[in-house]
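Down below is the structure, laid out as C-alpha cells.
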Amino acid sequence: MENLYSMLMPAVAIGVGATLVMDLWAFMLSRLFAIKGLDYALVGRWIGHLCKGQLTHQGIGHSKSISGEGVIGWCMHYLIGIVFALALLLGVGKPWLTEPSLLIALVFGLITCVFPFFIMQPCFGAGIAASKLPEPNKARVKSMAAHLIFGFGLFLSSFIYVSLL
Numbered sequence: 001m002e003n004l005y006s007m008l009m010p011a012v013a014i015g016v017g018a019t020l021v022m023d024l025w026a027f028m029l030s031r032l033f034a035i036k037g038l039d040y041a042l043v044g045r046w047i048g049h050l051c052k053g054q055l056t057h058q059g060i061g062h063s064k065s066i067s068g069e070g071v072i073g074w075c076m077h078y079l080i081g082i083v084f085a086l087a088l089l090l091g092v093g094k095p096w097l098t099e100p101s102l103l104i105a106l107v108f109g110l111i112t113c114v115f116p117f118f119i120m121q122p123c124f125g126a127g128i129a130a131s132k133l134p135e136p137n138k139a140r141v142k143s144m145a146a147h148l149i150f151g152f153g154l155f156l157s158s159f160i161y162v163s164l165l
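Per the numbering used here, the very first residue in the sequence shown carries number 1; after that it's consecutive.
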C-alpha cells in the first residue's frame with residue numbers, strides 16, 4: 001500500500017502529461033489532416049448511462065444525451081490516463097522515475113489498446129476492435145496510433161517529471 005501512495009503524485013503528473021500529448025496529437029491531426037478523433041462527450045454519455053445500469057449501446061451516438069456528458073467524458077479521459085500511468089509505475093517500479101524507457105512506454109501504450117478494442121468499442125456498439133464500423137481497420141489504426149502517442153507521452157512526461165525533481 002505504501003508503494004501505491006508513493007506513486008500517486010508521479011502518476012497524476014505523468015498521466016495528465018501523457019494524456020495531454022495524446023490530445024495535442026489529436027488536435028494536430030484534426031487541424032492539419034481533418035482526421036477526426038474520439039468525441040469524449042460520448043465517453044461521458046456512456047458513463048452516464050452506465051451509472052443508470054446500461055453497459056452496452058447499439059450505437060452510442062444515437063443514445064440519449066446525458067447532462068454534462070462533455071465534462072464527464074473529458075474528466076474520465078484524463079482520469080483513465082492517470083490510472084494507466086499508475087499501472088505502468090506500479091508494474092515497472094520506482095526505477096522508471098529515474099530512468100524512463102521509451103521502448104517500455106511505447107509497448108505499454110500499445111497494450112492499453114486492449115481497453116478501447118475490447119471494452120469501449122463493443123460497449124459503444126462498434127463491436128470488438130471496431131468490427132461493426134464501416135472502416136474497421138482505419139479505426140483500429142487510429143486507436144493504435146493514439147495509444148502509441150500516449151505511450152510516447154508517458155515517456156516524455158516521465159522524463160520531464162524526473163528533470164524537475
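All residues carry an ideal CB built from backbone N, CA and C; glycine is no exception.
Using only CA atoms, which one of the options lies nearest to residue i?
i	options	result
residue 48	124, 23, 160	124
residue 59	152, 132, 146	132
residue 78	104, 99, 22, 29	22
residue 15	83, 116, 165, 120	83
In whole angstroms, give me the CA-to-CA distance for residue i and residue j.
i	j	result
residue 73	residue 40	5 Å
residue 122	residue 56	7 Å
residue 80	residue 163	24 Å
residue 99	residue 136	37 Å
residue 94	residue 107	18 Å
Compare the beta carbon distance of residue i and residue j with 8 Å and say whether it is the shorter of the two.
i	j	result
residue 112	residue 147	yes
residue 140	residue 130	yes
residue 102	residue 10	no
Query raised in the report: Can we say the stretch 52 to 68 touches the stretch 84 to 91, given the rule of at least three CB pairs closer than 8 Å?
Result: no
Report task. Please specify which runs of the alpha helix (DSSP H), each continuous and at least 4 residues long, are wholly inside the stretch 71 to 144, giving them in chain order. Result -> 95 to 98, 102 to 111, 121 to 124
Query raised in the report: Below 8 Å, can you find three or more Cβ-Cβ pairs linking the stretch 19 to 35 to the stretch 148 to 155?
Result: yes
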